[in-house]
Amino acid sequence: MKVVVTSKIPRVGIDVLEDAGFTVVGNPSERLLSPLELKDFVHGADGILCLLLDKIDREIIKEAGKNLKIIANYGVGFDNIDMAAAKERNILVTNTPSPLSSQAVAEFAIALILSLLKRIVEGDEFARKGNFGGWRPEIFLGENLEGKTLGIVGLGRIGCLVAKMGKALGLRVIYNKRTRDSCLEKEFGLEYMSFDNLLYESDIVSLHVPLTKETEHLINTETLEKMKDHSFLINTSRGRVVDEGALVEALKSGKLAGAALDVYEYEPLINPELCGLPNVVLTPHIASSVRAVRDEMAIMAGKNIVEALNRKTPPNLVK
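If you count the sequence shown from 1, position 195 lands on 195 in UniProt numbering, and the numbers rise without skipping.
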């Protein structure tokens, strides 16, 4: 059976597929395939192993042909896949919710918070340009975390870890999710709030939600206006959760003190206005970029395909 891999992934994932006896066809280029190239590439595949930037829509699924049985996403999210089209064809869809990935992303979110409040990136650029002339009492004044309120939107695996780390740093932690969780409140000492109240109360808002119809542009002109004046926004979830145009205006006006983004509304494109703002930290979707994490994800994706093509239920089936 034929498995196509749309982009380069760690070798351990390919080994899982080849050890199971499958023919693995990889993307020969180092770049993302265009929609037309992707159509040709997936033709005749029994399984597709793809990345979040690969848009696996109805046309791609149709072009793959009748043998396609599984689409295995290398990543936790799967909003790049037309789930309705896959369901119509009884094609399984899987993801890779790595426990190590959750830890990595949570640590990264905390790192972004520290980068913003301590103005680390600004200071780094200043020093590299040769502007440092010695210690001065009022240069790059930042803020302490202790005593501030961290609002977590989405209390899944990553959100829980961020909450735990935030508490350890002396932050008051409040949260919002679809279903209130009194057990987690007791375990971590959290406070539940409505979304609007969370925005109003938080000095720092950290987003940890999947991309759905309900969460697309969750952060927009209206919700930004509800945020506390001079607060900070962190996004390590999905780019389209934030309306970047509205965010730029909130940053320019001083409504927000700063923002840190690891994901983007039109990824891989980054809003040029964001790039020009000194109170913004931008990273290239690397929150889970740890070797052990990437290897684990590759193995998980490979095992998902092996199980599916052997007519078994893959371990990370998306419902």
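No residue lacks a Cβ here, since even glycine has one placed at the ideal position from N, Cα and C.
Only counting the same chain, and skipping five residues up and downstream in sequence, which positions put a Cβ closer than 8 Å to that of residue i?
i: K228; result: L199, Y200, E201, S202 and D203
i: S289; result: A104
i: L114; result: I120 and L145
Which residue wins for smallest C-alpha separation from residue i, given the options the options?
i: N304; options: F108, R31 and N316; result: N316
i: A246; options: R238, N271, D262 and E267; result: N271
i: R297; options: G44, R31, K164 and G77; result: Checking the sequence shown, residue 297 turns out to be Met, not Arg. Residue G77 is the option with its Cα nearest to M297.
i: T23; options: G302, V318, K319 and R311; result: G302
i: G123; options: I110, I139, F108 and E214; result: I139
i: L274; options: E125, D57 and L251; result: L251
i: S194; options: D181, K177 and T212; result: K177
i: D40; options: R31, E30 and G65; result: G65
i: V42; options: V242, I60, P210 and N197; result: I60
i: G189; options: Y175, N197, D196 and H230; result: Y175
i: V241; options: M83, T215 and E249; result: T215
i: A163; options: W135, A106 and G254; result: A106
i: A257; options: E267, N279 and E249; result: N279
i: K319; options: N95, M1, P35 and I56; result: N95
i: A168; options: C183, G147 and T179; result: G147
i: N310; options: E267, G254 and K69; result: K69
i: D46; options: R58, E185, M1 and I56; result: M1
Looking at the strands, I want to know which residues DSSP matches up with residue i.
i: T94; result: A72 and L317
i: residue 400; result: In the structure displayed, the chain extends from 1 to 319; residue 400 sits before or after that span and is not available.
i: I219; result: V242
i: C50; result: N73
i: G254; result: None, per the DSSP bridge assignment.
i: V281; result: A260
i: L269; result: Y266
i: I286; result: Answer is none; I286 lacks a bridge partner.
i: residue 343; result: Nothing can be reported for residue 343: it is not among the residues displayed for the chain, which extend from 1 to 319.
Can you list, in chain order, the residues of its chain whose CB lies under 6 Å from that of residue i, leaving out five sequence neighbours each side?
i: K118; result: G142
i: S7; result: N27 and L51
i: R172; result: T149
i: L32; result: L53
i: Y264; result: G239 and I270
i: E244; result: E265 and N271
i: G151; result: I174, L198, S202 and V205
i: H230; result: A257
For residue i, I'd like the list of residues in its chain whose CB is within less than 7 Å of its CB, leaving aside the five on either flank, ordered along the chain.
i: G13; result: A298, I299, A301 and G302
i: T313; result: E307
i: R294; result: P10
i: E222; result: none
i: V281; result: L112, S115, L116, V121 and A260
Less than 8 Å between CB atoms is the rule here; does residue i satisfy it with respect to chain B?
i: K312; result: Any reference to chain B falls outside this structure, which holds one protein chain only.
**Message:** To test your reading of the DSSP string, which unbroken beta strand (DSSP E) runs of 3 or more residues are found completely within the stretch 115-198?
**Reply:** If we require 3 residues or more, the beta strand (DSSP E) runs fully inside the stretch 115-198 come out as 149-153 and 172-176.
**Message:** Taking 8 Å as the cut-off, does the stretch 206-217 touch the stretch 150-160 (at least 3 CB pairs, one atom from each stretch)?
**Reply:** Contact between the stretch 150-160 and the stretch 206-217 is present, because at least three Cβ pairs lie under 8 Å.
message = With a threshold of 8 Å, are at least 3 pairs of Cβ atoms found where one atom belongs to the stretch 271-285 and the other to the stretch 85-101?
response = With the cut-off at 8 Å, the stretch 271-285 and the stretch 85-101 do not touch.
For the stretch 229-244 against the stretch 4-21, do three or more pairs of beta-carbon atoms, one drawn from each stretch, fall closer than 8 Å, so that the two count as touching? No: fewer than three Cβ pairs fall under 8 Å.
Counting only runs of 4+ residues fully inside the stretch 2-60, write out the alpha helix (DSSP H) ranges in chain order. 11-19 and 35-42, all fully within the stretch 2-60.
message = Any contact between the stretch 69-76 and the stretch 121-137? By contact I mean 3 or more CB pairs, one from each, below 8 Å.
response = Taking 8 Å as the limit for Cβ pairs, the verdict is that the stretch 121-137 does not touch the stretch 69-76.
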